[in-house]
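These notes are about the structure you will find just below.
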């Protein structure tokens with residue numbers, strides 16, 4: 005078997021094991037919620053008999069192992085049960101939210117990847133000078149500040165003082181893609197501020213290594229212009245660590261979504277999980293959280309494979 | 526005792542050397558000053574503040590002026606006094622949560638890294654699984670189940686941080702395990718817990734201390750985020766994130782410039798505290814790298 009495929013299968017296998025453990029963890033956490041689901045749905049004033057009937061109807065009076073198997077086999081088929089809060093299928097509610105979150109994440113990524121890479125390369129070229137310090141120290145400071153604080157700074161500057169962008173992320177029904185995008189700029193920028201420092205730091209480190217490498221010196225000695233050397237030799241190598249860091253930050257990004265979606269009143273997956281947690285809607289909660297976990301594992305897997313494809317040294321060397 | 530352990534006198538002088546370097550590091554000193562200021566405010570804020578941070582008045586939503594330096598909020602409370610006293614809860618919860626996470630993570634990481642083999646594989650898989658759900662989402666779920674209080678916040682954030690810390694400690698332990706002094710201790714038939722905690726732990730203390738400061742920064746970040754979502758510190762505490770949750774919706778009122786003072790000052794306070802902690806972490810990192 006070629007090393008690349010063997011590596012892929014190994015990673016996939018490990019990913020599936022992780023996913024299995026994750027589903028158990030999620031199920032366990034969701035069932036920590038106060039035991040009597042029927043009581044939570046019907047409220048404190050309904051009689052015990054109707055509570056028992058509802059519990060039986062929902063199947064929550066069965067053993068935990070049965071409930072887990074039932075949930076997980078349904079989940080795989082796309083049937084995640086009914087939301088306790090809305091009494092409609094969970095997937096019907098989660099799916100549009102998932103799409104919304106992906107839109108927001110896509111806007112954030114499209115902004116942060118080029119900005120982070122260019123910022124990092126620029127800082128590396130000015131290594132040790134003021135511009136470098138501003139990009140690295142400034143970028144890292146923003147990764148540490150809670151996202152809702154930097155988001156509020158953005159809202160005040162661009163929404164309130166300048167009035168350039170709307171201050172809520174939700175656009176009117178049937179709005180054109182352009183309007184939707186306009187609403188997503190501020191929340192997207194808020195996510196960019198959290199991520200920029202990580203991406204810029206990795207791309208800076210990659211660029212500095214590449215600038216010191218022998219092949220770069222050879223390229224210069226061949227008489228290539230600085231611009232060509234950077235475009236053909238340095239950028240490609242600066243890209244690799246950047247992909248790796250994007251993968252490791254996905255988990256954090258998904259967590260930030262929860263906060264940003266609430267702040268901008270945006271109906272995304274984070275907002276769904278947040279309301280599900282508030283209303284103790286545990287069928288929605290467990291499927292929503294598992295979905296987030298799957299999203300994380302898929303992104304890491306894709307990033308690992310991209311990393312491998314772009315880096316022949318690893319492809320032929322360390323894939324074993 | 527391992528024969529190869531450094532004599533105490535040498536360890537002492539190394540410690541003094543590290544301390545001397547820290548005091549010469551500008552980032553570290555600035556960080557200590559900022560964090561020190563907020564610790565002072567957390568302890569003595571109530572006595573220093575010009576107004577009672579909880580006292581309501583009819584002067585609601587006044588813009589900053591000579592009477593109220595940072596203006597007043599929707600209940601007519603003095604924002605300046607609330608910012609001065611707002612560090613109290615977060616500076617109680619975050620360090621305690623960090624402590625729980627560091628202790629838990631060190632035990633798990635040392636065990637996993639030292640024992641290796643099957644135990645390491647199993648622990649690493651579980652750590653991966655927990656790490657694949659964002660910290661905030663796990664915390665929200667558990668806090669809903671258990672209800673929010675200072676104790677649950679500390680325990681939940683501490684437990685969520687455990688796998689993250691354990692990764693760092695495990696990596697450091699793997700490097701130490703190959704050292705001669707560990708081999709010597711093994712040949713000397715020392716028991717595993719003794720080797721782990723008395724021989725290896727002192728040698729991985731550097732990374733553990735750096736990790737603790739970095740974690741403290743994230744703990745403040747997490748407590749603030751959870752509070753913003755309504756699952757952390759509860760009103761009427763003058764906590765900074767509580768102030769922001771209570772007032773951020775006013776920002777859409779652009780005619781009154783969004784009553785910006787109700788959120789800008791607490792926001793700046795959170796930012797300065799987190800940056801202060803990170804400057805300390807940065808200074809420590811450099812000192813231990815030398």
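Chains as they are written, first to last, in my numbering: chain B, 5 to 324; chain L, 526 to 815.
Where a beta carbon is used, it is the ideal one built from N, C-alpha and C, also for glycine.
Predicted, not measured: the structure shown is a model, and the values here were computed from it.
For residue 64(B), name the three-state secondary structure that DSSP assigns. Residue 64(B) sits at position 60 when you count from the first residue of the first chain. Correct three-state label for residue 64(B): coil.
In chain C, which residues lie with their C-beta within 8 Å of the C-beta of residue 172(B)? No chain C is present in this structure, whose protein chains are B and L.
Relative to the C-alpha of residue 100(B), which candidate in 289(B), 271(B), 288(B) has its C-alpha closest? The residue you call residue 100(B) lines up with position 96 of the first chain. The shortest C-alpha separation from residue 100(B) is found at 271(B).
Pull up the distance between the alpha-carbon of residue 153(B) and that of residue 753(L), whole angstroms please. The residue given as residue 153(B) occupies position 149 in the first chain. The residue given as residue 753(L) occupies position 228 in the second chain. The alpha-carbon atoms of residue 153(B) and residue 753(L) are separated by roughly 10 Å.
Taking one C-beta from the region 190-210 of chain B and one from the region 115-128 of chain B each time, how about it: are there three or more such pairs within less than 8 Å? yes
If you follow the alpha helix (DSSP H) that residue 98(B) is part of, which residue opens it and which one closes it? Translated into the one-based positions of the first chain, residue 98(B) becomes position 94. 94-129 is the span of the alpha helix (DSSP H), which, as asked, contains residue 98(B).
Span separating the alpha-carbon of residue 801(L) from that of residue 555(L): Reading the second chain from its first residue, position 276 is the one you call residue 801(L). Reading the second chain from its first residue, position 30 is the one you call residue 555(L). If you take the alpha carbons of residue 801(L) and residue 555(L), they lie about 7 Å apart.
Beta carbon of residue 607(L), beta carbon of residue 582(L): below 9 Å? Counting from one through the second chain, the residue named residue 607(L) turns up at place 82. Counting from one through the second chain, the residue named residue 582(L) turns up at place 57. Taking 9 Å as the Cβ cut-off, residue 607(L) and residue 582(L) do not qualify as a contacting pair.
Using only the alpha-carbon positions, how far apart do residue 560(L) and residue 810(L) sit? Position 35 of the second chain holds residue 560(L). Position 285 of the second chain holds residue 810(L). One C-alpha to the other measures close to 17 Å.
Is the Cβ-Cβ distance between residue 655(L) and residue 29(B) less than 9 Å? Position 130 of the second chain, counted from the first residue, corresponds to residue 655(L). Position 25 of the first chain, counted from the first residue, corresponds to residue 29(B). Against a cut-off of 9 Å, the Cβ pair of residue 29(B) and residue 655(L) comes out as a contact.
Who does residue 603(L) pair with in a DSSP beta bridge? Numbered from 1 along the second chain, position 78 holds the residue referred to as residue 603(L). In the DSSP output, where bridge partners are listed per residue, residue 603(L) has 597(L).
Rounded Cβ spacing between residue 268(B) and residue 150(B) (contact assumed at less than 8 Å): What you label residue 268(B) is simply residue 264 of the first chain in a count that begins at 1. What you label residue 150(B) is simply residue 146 of the first chain in a count that begins at 1. Between residue 150(B) and residue 268(B) the Cβ distance is about 15 Å, and since that is not below 8 Å, they are no contact.
I'd like to know whether the C-beta of residue 816(L) is nearer than 9 Å to at least one C-beta of chain B. No statement about residue 816(L) is possible, as the shown extent of chain L runs from 526 to 815 and does not include it.
Any idea which residues DSSP pairs residue 86(B) with across the strands? Counting from one through the first chain, the residue named residue 86(B) turns up at place 82. DSSP output for residue 86(B) lists 93(B) as bridge partner(s).
Report yes if the CB atom of residue 567(L) is closer than 9 Å to the CB atom of residue 617(L), and no otherwise. Stepping through the second chain from its first residue, residue 567(L) is reached at position 42. Stepping through the second chain from its first residue, residue 617(L) is reached at position 92. Yes, the Cβ-Cβ distance between residue 567(L) and residue 617(L) is below 9 Å.
Taking only three categories from DSSP, how would you classify residue 587(L)? As a working mapping, residue 587(L) is identified with position 62 in the second chain. Residue 587(L) falls in the coil class under three-state DSSP.
Taking the straight line between their C-alpha atoms, what separation do you get for residue 543(L) and residue 808(L)? Here residue 543(L) is taken as the residue at index 18 of the second chain, counted from 1. Here residue 808(L) is taken as the residue at index 283 of the second chain, counted from 1. Between residue 543(L) and residue 808(L), the C-alpha separation is close to 10 Å.
Residue 705(L) lies in the alpha helix (DSSP H); which residues open and close that run? On the second chain, residue 705(L) is found 180 positions in, with the first residue counted as 1. Run containing residue 705(L): 705-712, per the alpha helix (DSSP H) assignment.
With 16 other Cβ atoms within 10 Å as the buried cut-off, status of residue 60(B): Along the first chain, read from residue 1 onward, the residue named residue 60(B) stands at position 56. The residue is exposed, with fewer than 16 neighbouring Cβ atoms inside 10 Å.
In chain B, which residues lie less than 7 Å from residue 651(L) when you measure between Cβ atoms? Residue mapping note: residue 651(L) aligns to position 126 of the second chain, counting from 1. Per Cβ cutoff of 7 Å: 25.
Any beta-carbon of chain B closer than 9 Å to the one on residue 562(L)? Translated into positions along the second chain, residue 562(L) becomes position 37. For residue 562(L), the answer is no, since every Cβ of chain B falls outside 9 Å of its Cβ.
Using a cut-off of 8 Å between C-beta atoms, extract the partners of residue 821(L) located in chain B. For residue 821(L) there is no data in the structure shown, the boundaries of chain L being 526 and 815.
Cβ closer than 8 Å: which chain L residues qualify as neighbours of residue 278(B)? Mapped onto the first chain, residue 278(B) falls at position 274. In chain order: 665, 754.
Once DSSP output is grouped into helix, strand and coil, what is the label at residue 159(B)? Locating residue 159(B) in the first chain gives position 155, counting from the first residue. Note: residue 159(B) maps to helix in three-state DSSP.
What's the C-alpha gap between residue 230(B) and residue 306(B)? The count along the first chain starts at 1 and reaches residue 230(B) at position 226. The count along the first chain starts at 1 and reaches residue 306(B) at position 302. Distance between the alpha carbons of residue 230(B) and residue 306(B): 33 Å.
Go ahead and pull the three-state DSSP assignment for residue 664(L). For this step, residue 664(L) is matched to residue 139 along the second chain. Looking at residue 664(L) - three-state DSSP - the assignment turns out to be helix.
Along the alpha helix (DSSP H) that carries residue 207(B), what are the first and last residues, could you check? Translated into the one-based positions of the first chain, residue 207(B) becomes position 203. Counting along the chain, the alpha helix (DSSP H) containing residue 207(B) begins and ends at 181-216.
From residue 254(B) to residue 247(B), what does the alpha carbon distance come to, in whole angstroms? Start at 1 with the first residue of the first chain, and residue 254(B) comes out as number 250. Start at 1 with the first residue of the first chain, and residue 247(B) comes out as number 243. Between residue 254(B) and residue 247(B), the C-alpha separation is close to 11 Å.
Strictly under 9 Å for the Cβ-Cβ distance: is residue 610(L) near chain B by that measure? Against the second chain, residue 610(L) aligns to sequence position 85. Answer no: the Cβ-Cβ gap between residue 610(L) and chain B never drops below 9 Å.
Neighbourhood of residue 323(B) by C-beta, 8 Å cutoff - its chain only, sequence neighbours within 5 removed: Here residue 323(B) refers to the residue found at position 319 of the first chain. With a pLDDT of 39 at residue 323(B), under the threshold of 50, the modelled position of that residue is not reliable, and the figure given next carries that caveat. Same-chain partners within the cutoff: 7, 8, 10, 11, 312.
Stretch-stretch touch, CB-based, cutoff 8 Å, three pairs: the region 583-598 of chain L with the region 737-750 of chain L: no
Any 3 or more C-beta pairs closer than 8 Å across the region 627-642 of chain L and the region 695-708 of chain L: yes
Residue 245(B), buried or exposed, once every other Cβ within 10 Å from all chains shown has been counted against 16: Along the first chain, one-based indexing puts residue 245(B) at 241. Burial call: buried.
Under 9 Å between C-beta atoms of residue 570(L) and residue 259(B): Looking up residue 570(L) in the second chain gives position 45. Looking up residue 259(B) in the first chain gives position 255. Not closer than 9 Å, so no.
Continuous alpha helix (DSSP H) stretch holding residue 781(L): start and end: Your numbering for residue 781(L) matches position 256 in the second chain. Neither: residue 781(L) is in no alpha helix (DSSP H) and is coded neither H nor E.
Quick one: list the residues of chain L neighbouring residue 246(B), beta-carbon separation under 8 Å, in chain order. Mapped onto the first chain, residue 246(B) falls at position 242. Chain L residues near residue 246(B): none, gap ~21 Å exceeds 8 Å.
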